[in-house]
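Engineer:
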Amino acid sequence: MKLAVLAGDGIGKEVTREAVNVLERVSNLFDIDVRIEQFEIGAEAIKANGSPLPERTLEGCLESDAVLLGAVGSPEFDDLLPEDRPEIGLLNLRKHLGGFANLRPAKSHPSLVNSSPLRPEIFEGTDLLIVRELLGGIYFGEPRGFSEDRRRAFNTLTYSAFEIERVARIAFDIARDRKKKLTSVDKANVLESSRLWRETVNNVAAEYPDVELEHLFVDACAMHLVTDPNRFDVILTGNLFGDILSDEAAVLTGSLGMLASATIGGKVDLYEPVHGSAPDIAGKNQANPLGAIECAAMCLAQTANKRQASEAIQTGVQKVLSEGYRTVDLITNADDVKVTTEEMGELVGRYATESANFTHAHRAV
322 MKLAVLAGDG
332 IGKEVTREAV
342 NVLERVSNLF
352 DIDVRIEQFE
362 IGAEAIKANG
372 SPLPERTLEG
382 CLESDAVLLG
392 AVGSPEFDDL
402 LPEDRPEIGL
412 LNLRKHLGGF
422 ANLRPAKSHP
432 SLVNSSPLRP
442 EIFEGTDLLI
452 VRELLGGIYF
462 GEPRGFSEDR
472 RRAFNTLTYS
482 AFEIERVARI
492 AFDIARDRKK
502 KLTSVDKANV
512 LESSRLWRET
522 VNNVAAEYPD
532 VELEHLFVDA
542 CAMHLVTDPN
552 RFDVILTGNL
562 FGDILSDEAA
572 VLTGSLGMLA
582 SATIGGKVDL
592 YEPVHGSAPD
602 IAGKNQANPL
612 GAIECAAMCL
622 AQTANKRQAS
632 EAIQTGVQKV
642 LSEGYRTVDL
652 ITNADDVKVT
662 TEEMGELVGR
672 YATESANFTH
682 AHRAV
C-alpha cells in the first residue's frame, strides 16, 4: 500500500507522526508492505511553495492508494480572501480525489464514560458508523444565492438516483460486514428529495436481503442518538443531515481528539482526524493523537483490507485508555495518568504490537 502523508498545520505534524509510527510497527508485524511519502499542504505549503496545494502534493496523492491528513489551517492567514487561505488546499484535494462517501465512526470507550455529558448507562457499548453522502445535496445544489436587494436568499436541495445508489451500496456493504443492520435517515414526510432517497435505498436493499433496513426521519434519529444510541449500527444519510448527525454522535466519544473519518469511493481514499489544527497547543506535545491513530486503523481495514492489523491498533487504543493514560483533553479525575502526544503514541504502538504478537502466537498454537 502506498500512503501519502500530509501532516499539514498546527498539531497535524504531531498527531500524524504518532499515527505513522503505530502504522509502521503493526504493518511490520503483519508483513504488510506500506510505502510512505510525506507531502505539504495548507499553511506550510503556502510558506514553502506559495500554494496551499502544490502540484507535487496533488500528483503524489493521486499516485497513492490512500492519503493520511493531519490538519489544515493557521490564524496567520485569516486576513486573506477565502480562496487564498490554507483550507482551500484541502477543499481542492478532496475535489480531485473524488470521494463521495464519508465514514464517521462513533464508539464509546468504557474507560471514558465520564468524558461525555451523557449518562453512562445511555451510551455504554455504543459502536456505530455514519455513512454520509458528501458531494450532493443542498451544499452543492444550484441555483443558489441572494436576490439583488439581498432581502431573500435561496439554496437548492437536489439528489439524483445515481448519487443515492452509489453511497447506499457502500453503506450496505459495510453493514453486511458488521451487524447486518442499516438505518437510512431522511425527511421523506416533507421533502421530495428525501422521497427519492427512500425509494432508491429501498431498491438497493433488494440486493442485500441479509441486511435489515429501517428508515427514520432525521429528527427522530437525532433524538435516538442521545437517548438510545445502541439501537444503531450503520446510519446512511445525505450531506446536510450527515454533517449534523456525525457531529452530534461525537458527544458519545468524549473528545474530538478521539474521532477519525474516511472519505472513500473516489480515485484515492482520504483519512483524517475530525479535530482542527489547534494552533494554541501546536508544538507543545499536548495534542491527542488517537484520532489520527484510529485513521491509520481505518486505512488498514478499508483500503488495505488488513482487518487483523487494524484490530490490533484498536486493541492498543482500548488498552491504553483502560490503563488510565490520558492526554490533557481526556483528563476528568485525579486517577488519570497524564501523558504527552509522543507518550500516547508510544503506548498505543507498544500495546498494539503486543496484541498482534498474541494473535500470531494464538494462531500458531
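To convert, note that position 116 of the sequence shown is 437 in the working numbering; the numbers rise steadily by one, no gaps.
For glycine and all other residues, C-beta sits at the position ideal for the given N, C-alpha and C.
Provide the residue span of the alpha helix (DSSP H) that contains T447, from first to last.
Structural biologist: Taken as a continuous stretch (DSSP letters only), T447 belongs to no alpha helix (DSSP H), as it is neither H nor E.
Engineer: Could you name the residues of the same chain whose beta carbon sits closer than 7 Å to that of E463, not counting the 5 residues immediately before and after it, in chain order?
Structural biologist: Within its own chain, the residues whose Cβ lies closer than 7 Å to the Cβ of E463, once the five positions on either side in sequence are excluded, are T477, listed in chain order.
Engineer: Determine the direct distance from the alpha carbon of I332 to that of A599, and round the result to whole angstroms.
Structural biologist: When rounded, the distance between both Cα atoms is 6 Å.
Engineer: Pick from R552, V555, S481: whose alpha carbon is nearest that of T521?
Structural biologist: Here the closest residue by C-alpha is S481.
Engineer: Determine which residues share a DSSP beta bridge with Y646 and list them.
Structural biologist: V658
Engineer: Is P431 helix, strand or coil when you go by DSSP?
Structural biologist: P431: helix per DSSP, three-state reduction.
Engineer: For A325, count neighbouring C-beta atoms within 10 Å of its own C-beta (all shown protein chains included) and say buried if the count is 16 or more, exposed if not.
Structural biologist: buried
Engineer: When you compare the CB of V347 with every CB in chain C, is at least one pair closer than 8 Å?
Structural biologist: Absent here is chain C; the protein component of the structure consists of one chain.
Engineer: Can you tell me whether A685 is buried or exposed, with buried defined as 16 or more other CB within 10 angstroms of its CB?
Structural biologist: Confidence is the limiting factor: at A685 the pLDDT is only 47, short of 50, which leaves the residue's position unreliable and the question unanswerable from this model.
Engineer: Assuming T447 contacts P550 (C-beta within less than 8 Å), just tell me the rounded distance between them.
Structural biologist: 4 Å
Engineer: Using three-state DSSP, classify A685 as helix, strand or coil.
Structural biologist: Because A685 sits at a pLDDT of 47, beneath the cut-off of 50, its placement in the model cannot be relied upon, and the following sentence gives the value as read from the coordinates. Reduced to three states, the DSSP call for A685 is helix.
Engineer: State whether the segment 652-664 contacts the segment 372-382, with contact taken as three or more CB pairs (one from each stretch) at a distance under 8 Å.
Structural biologist: no
Engineer: Can at least three beta-carbon pairs, one atom from the segment 577-591 and one from the segment 531-543, be found at a separation below 8 Å?
Structural biologist: no
Engineer: According to the neighbour-count rule (16 or more other Cβ atoms, all chains shown, within 10 Å of its Cβ), is T624 buried or exposed?
Structural biologist: With a threshold of 16 other beta carbon atoms within 10 Å, T624 meets it and is buried.
Engineer: Note the first and the last residue of the continuous alpha helix (DSSP H) segment covering L611.
Structural biologist: 611-623
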